Every structure is written in structure tokens, then in C-alpha cells.
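Numbering (full-length UniProt numbering), first residue to last: 1 to 502.
Every residue gets a Cβ at the ideal spot worked out from N, C-alpha and C, and that includes glycine.
Since we're looking at a predicted model, the values are computed, not measured.
So the structure is just underneath, and the comments pick up after that.
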Amino acid sequence: MSSQLIIVEKRSDFRWPDPEARVLTAQEFIAEGRNALNRPHRVINLCRSYAYLSIGYYVSLLAEARGDRVTPSVETITDLQQKGVQALKLAGLNRCLGPLPSVPRAVNAMRVQVFFGQIEDKELAEMAARSFELFRCPLLAIDLERIGGGHGWKIANLHPLDPRDVDASRDKVFLDGLGKFARRPWRAAPTSSGPRMDLAVLHDPKDPMPPSKLKTLQAMARIGQSMDIAVELIEKKDFPRLTQFDALFIRETTAIGHHTFRFARKAANEGMPVIDDPDSILRCTNKAYLSELLAGNGIAAPRTLFLTRRTLPTFETGLTYPVVLKVPDGAFSLSVKKAENWAEFQEIAAAMLKESDLILVQEFIYTAFDWRIGILAGEVIFAAKYFMSSGHWQIIQHEGAGKYVEGRTQAVAVQDVPREVLDPALAAARLIGNGLYGVDLKQTRTGVLVIEVNDNPNIDIGMEDAAAGEDLYRTLLRHFQTLVDARHRQVAPVVPLQRTGS
Numbered sequence: 001m002s003s004q005l006i007i008v009e010k011r012s013d014f015r016w017p018d019p020e021a022r023v024l025t026a027q028e029f030i031a032e033g034r035n036a037l038n039r040p041h042r043v044i045n046l047c048r049s050y051a052y053l054s055i056g057y058y059v060s061l062l063a064e065a066r067g068d069r070v071t072p073s074v075e076t077i078t079d080l081q082q083k084g085v086q087a088l089k090l091a092g093l094n095r096c097l098g099p100l101p102s103v104p105r106a107v108n109a110m111r112v113q114v115f116f117g118q119i120e121d122k123e124l125a126e127m128a129a130r131s132f133e134l135f136r137c138p139l140l141a142i143d144l145e146r147i148g149g150g151h152g153w154k155i156a157n158l159h160p161l162d163p164r165d166v167d168a169s170r171d172k173v174f175l176d177g178l179g180k181f182a183r184r185p186w187r188a189a190p191t192s193s194g195p196r197m198d199l200a201v202l203h204d205p206k207d208p209m210p211p212s213k214l215k216t217l218q219a220m221a222r223i224g225q226s227m228d229i230a231v232e233l234i235e236k237k238d239f240p241r242l243t244q245f246d247a248l249f250i251r252e253t254t255a256i257g258h259h260t261f262r263f264a265r266k267a268a269n270e271g272m273p274v275i276d277d278p279d280s281i282l283r284c285t286n287k288a289y290l291s292e293l294l295a296g297n298g299i300a301a302p303r304t305l306f307l308t309r310r311t312l313p314t315f316e317t318g319l320t321y322p323v324v325l326k327v328p329d330g331a332f333s334l335s336v337k338k339a340e341n342w343a344e345f346q347e348i349a350a351a352m353l354k355e356s357d358l359i360l361v362q363e364f365i366y367t368a369f370d371w372r373i374g375i376l377a378g379e380v381i382f383a384a385k386y387f388m389s390s391g392h393w394q395i396i397q398h399e400g401a402g403k404y405v406e407g408r409t410q411a412v413a414v415q416d417v418p419r420e421v422l423d424p425a426l427a428a429a430r431l432i433g434n435g436l437y438g439v440d441l442k443q444t445r446t447g448v449l450v451i452e453v454n455d456n457p458n459i460d461i462g463m464e465d466a467a468a469g470e471d472l473y474r475t476l477l478r479h480f481q482t483l484v485d486a487r488h489r490q491v492a493p494v495v496p497l498q499r500t501g502s
């Protein structure tokens, strides 16, 4: 993990207890140069002002040029000074304000202080958190005014707060906010330099069918600790603090128009290593895209036809039953049905066409199991056989009301997988990208067929990892560490400084 620094204009500006060599003045930070040890740093810029060409502005500018991760960024500083951008963001922020019944009717205006998205007033907690998400400014002063003397409120103004103006009565809130942002208690005693990398793992503890169960993620965190890697489980609500981490591993079922895609895009835009990356999610979550991609690159797959409302009346010609119908954007077999005859076909197709203007029709191929080949950055890291649910034609048999029956999983050592299975799996994964994929294949008498490529493959204790054991998780964590190290070696170019005056 990058070492953390707090930058202030004068040492006395940070009046709170701090670990040794944690707080630097702006002059000390500027003087240390890009070749200081333990780069890159995570920099918290608490200078008195971020005005253009001020010392606070230069702290963020030089931090970015040195490859540090700084809050606020130069982009944030610019946004805070552009009225148009600020007004646009405030419009959304105002929606977080309720009637504030605890405020006396005689009070028509007030100023609140927000520290890293934290505030002591529970009525304003949502607004405070959202303000940090939108502006990414450590200390904010927010002016509120009552609307027309009524019950509503709006934000009249918002600007960075000088650390000297933090009320002493709010010291606990400030330290709590700082501690949550830094993800460590703030004590006077010196601390260690911290782990080499902070990995955020996005999960949903309420998901009945997660790609990795909680005990698996907890085991990964334990293994990471032994590798000097901090693994922290985060949830949807943690989006505002995503950029505090070095990398992101998404362990929720991904979808377009879903918060998982928003997390992936945010991480990618910030330059953070992320699995699953946005492009892989886009390419893998739609079976129509995958079908065309595989066919266009000569990879054997089940015969597939596209069906629309217009072609449905005349589609029966040439069908050999049974056939499988699929909604292109679906997961866990929820949108996959089998039709035994034309009547069933029409009924299933009509229902699916209400969800999607295009559906897939594939030849039905039964095998006792499907191969699942796990591929990371072009290398096979696990293999498994997914057996069909007992008496059923699918691996997962859905029974309504959220209940399901799943076939057994048998892990296979990579070296024991036939080459005729590995080769098309690797070829299909290469078409998607360089991330983590689970390629599903059917091995038949006439050859191996690729069914689909999953961007969010299941990995669980005693299942996919049964052959490789802990080495599977070590491989994943080492991959993230390699990507983070490579990112840190890419030093950003120095931005030319603008001169003013003659």
C-alpha cells in the first residue's frame, strides 16, 4: 500500500495527535521531490486554500505528477471553482436534504462542517456523505438556507474549509472521518508502513447466489494478510470511498445498468486495476454479442439463430426439437428455457420477447456435465466439471420463489484437462480481454463446443478451488499486486506551470 501523508501549510494547522512522520508541511512535501522513498504516497491535502496557483493547488498538482494518489485531485479543485459545475452537482445534492425538523423555525440559515463525508447531525448524514462523493474535498463548509420560510432547505454555497476553522467541539467527528477515510484508527502511537496493497472486494451479503460466498472471501482476506495485502469487503454503499483502494475485485453478479458496472467504470476511469473491467462486462453479459464473436472467429459453438417479434410467425421452418431459447442478457440460467415442440416454443418466445426485442434460439446439446475453465490474463488457473442437476437438463434447476437445486461440482487439476478443451477456452477468452473469465464448454463425440464466456466466474472453497487449494487465491492476489505495482511505476508527466503577469 502507498504510505499516507497529510499535507498542511504550517505544522500548527494540524492540532490533533498524529503518528510520527505522518504530517508534512507543503514546503516539506514539495522539497522531497519525486525520488523520495516509499513512493507512491496516498496524499491528503489539508492546505488552507486550493485557489489556482496557491500552495495548496501546487501540492495536488505535484502529487499527481509524481504518481501519488491525492485528495482533493486537481480535477476536484477545478470543479470547486467552476460555478457551472458546482451548480450542476448541487442540484443533485439538494435532493438529499429533508425538512430538518430539529432546526428551530426561527433559524433560516446555517453553516455546517463536513469532514470526509462525516457529520454529527444524523438528519444531514446522507447529504454529507453525498457531498464527499460528488466533490471529494476532505473538509467542506456548507451553507444551508430555508426555502421561502417553509419547511424545505437548499444549499446556498459550498466551499473548502480551512483546517484551522474546524470547531474544537467537532474534533471527534473530524478524527472519525479521517480514520474511516484512512481506514485505520488515528492514534498518537507510530504505526507500521501498512500492507503493500489495499484490495477492495465488492460483494452483496444478501445475494443467495454470489460468485463467491462469504467464507471464501474471508479466506481470501486471510491469505492476503499473509502476503502483505489488505483485502477489505465492501458493499454498494461504499461507492464514495472506492478510490481509497489500490484495486477492485467484483464478487457480485455483474450487469449493465447495475451498480457493479458503475463500480467497474469508476475504478477504470481512476486507473485502478479492476476485475471485472467494464469492457469485459459489456462483452460477456450479452449472449448475442458472444454468439456473433465466437462465430466470427471460427470458434465452434452450438448452432444459434436470432429471433425477433417480426420473425416469430414463420420461425418454425428448419427447427429440430428440442431447442433452447435464451434472453441475451441473463444469468444463472434464469432466462434459459427448453421447448419440446412448436406450441411450447411460441409460448416461451412470446414471454421472452416482452423482456428483449431479440432472443437466441440454439440447438439442444445434452452432456452429463459442462466444463468450466477459469482463465486469468490468458492463463488457465482452475478447471471444473459442472454436472447437471439430478433429473434435469441444466446445472441449476430453478423451482420458483427463489429456490433452486444445483448439480455437483468436481474440480480437476489443470494438467489433467484435455488439450482439446483448453485450446478453445483460451481462444474464446482472448476475444474478450485480459481479465478473469470462466469459459463453459460441452465435450461431445463430434468435438468441443464453447457455450459462453462468463466475466464473473464462481470461485468457492471446496468447489472450484478443490484441486488448486489456496494457490488459486494466491495467484489472483499476486495478479492484482503485479497490476498495482505496474501502475505505480508509471509516473505521470509533469504539467507545465502557467505564468501570470509580465
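By DSSP, does residue i sit in helix, in strand, or in coil?
i	result
G224	helix
G179	helix
H287	Note that residue 287 is Lys in the sequence shown, not His. Helix.
P432	Looking at the sequence shown, residue 432 is not Pro but Ile. Note: I432 maps to helix in three-state DSSP.
Y437	strand
H159	strand
L24	strand
K10	coil
I30	helix
F382	strand
V327	coil
A141	strand
E316	coil
S333	Low per-residue confidence applies at S333: pLDDT is 47, beneath 50, and the placement is therefore not dependable enough to give any value.
W153	strand
V107	coil
V484	helix
T304	strand
A427	helix
K122	helix
T409	strand
E347	helix
L294	helix
E464	coil
Using a Cβ-Cβ cut-off of 7 Å, state whether residue i counts as contacting chain D.
i	result
A267	Any reference to chain D falls outside this structure, which holds one protein chain only.
So residue i packs on residue j, CB below 8 Å; how close in whole Å?
i	j	result
P328	F364	Not quite, the Cβ-Cβ distance comes to about 18 Å (not below 8 Å), so this is no contact.
M272	A247	6 Å
D460	S212	6 Å
K326	L360	4 Å
G177	F116	4 Å
T304	Q362	5 Å
A411	A384	5 Å
Relative to the alpha-carbon of residue i, which residue among the options has its alpha-carbon at the smallest distance?
i	options	result
A51	K10, I44, R15 and L161	L161
I77	G67, N94, R66 and S54	S54
D279	V439, L431, L175 and I229	L431
G318	E347, I275, W342 and W153	W342
E32	R66, I142, F14 and D423	R66
D423	G148, G378 and I119	G378
F26	N45, D68, R15 and T254	Per the sequence shown, residue 26 should be read as Ala rather than Phe. When each option's Cα is compared against that of A26, the closest is N45.
N269	T216, A288 and T243	T243
E406	G374, D370 and D143	D370
E470	P72, D204 and T216	T216
I155	T314, T446, G92 and C47	G92
T367	F315, V414, Q443 and M209	Q443
L436	A466, A467, A413 and H479	H479
D485	D68, P208, F239 and T311	D68
L144	E28, N94 and R251	N94
I281	L24, T254 and L124	T254
G148	A129, N108, R170 and L140	N108
V103	R11, G152, S131 and M463	G152
C96	Q118, E344, L124 and H159	L124
E235	E126, D228 and L214	L214
Check whether the Cβ of residue i sits closer than 6 Å to any heavy atom of the ligand ATP, and report yes or no.
i	result
D204	This structure lacks the ligand ATP, and indeed carries no ligand of any kind.
Quick one: what's got a C-beta closer than 6 Å to residue i's C-beta in the same chain, skipping five residues either side?
i	result
A63	V43 and V70
T475	I381
A189	Residue confidence is low: A189 scores 31 on pLDDT, short of 50, so the model does not pin down where it sits. Its coordinate-derived value is still stated next. Cβ neighbours of A189 beyond the five flanking positions: none.
Y473	M220 and I223
R408	F387
F245	D198 and A200
K89	L134
CB-CB under 7 Å to residue i, same chain, minus the five flanking residues each way: which ones, in chain order?
i	result
A428	L294, I299, V439, V450 and V453
C137	P72, T76, L80 and P160
Once you ignore the five residues that flank residue i on each side, which residues in its own chain have a CB closer than 8 Å to its CB?
i	result
E9	T25, A26, C47, R48, I55 and G56
E355	V327 and S335
- Length-filtered (4 minimum) alpha helix (DSSP H) runs lying within the stretch 33 to 102: 55 to 65, 74 to 81 and 83 to 94
- Continuous alpha helix (DSSP H) assignments of at least 4 residues falling wholly in the stretch 200 to 274: 214 to 226 and 259 to 269
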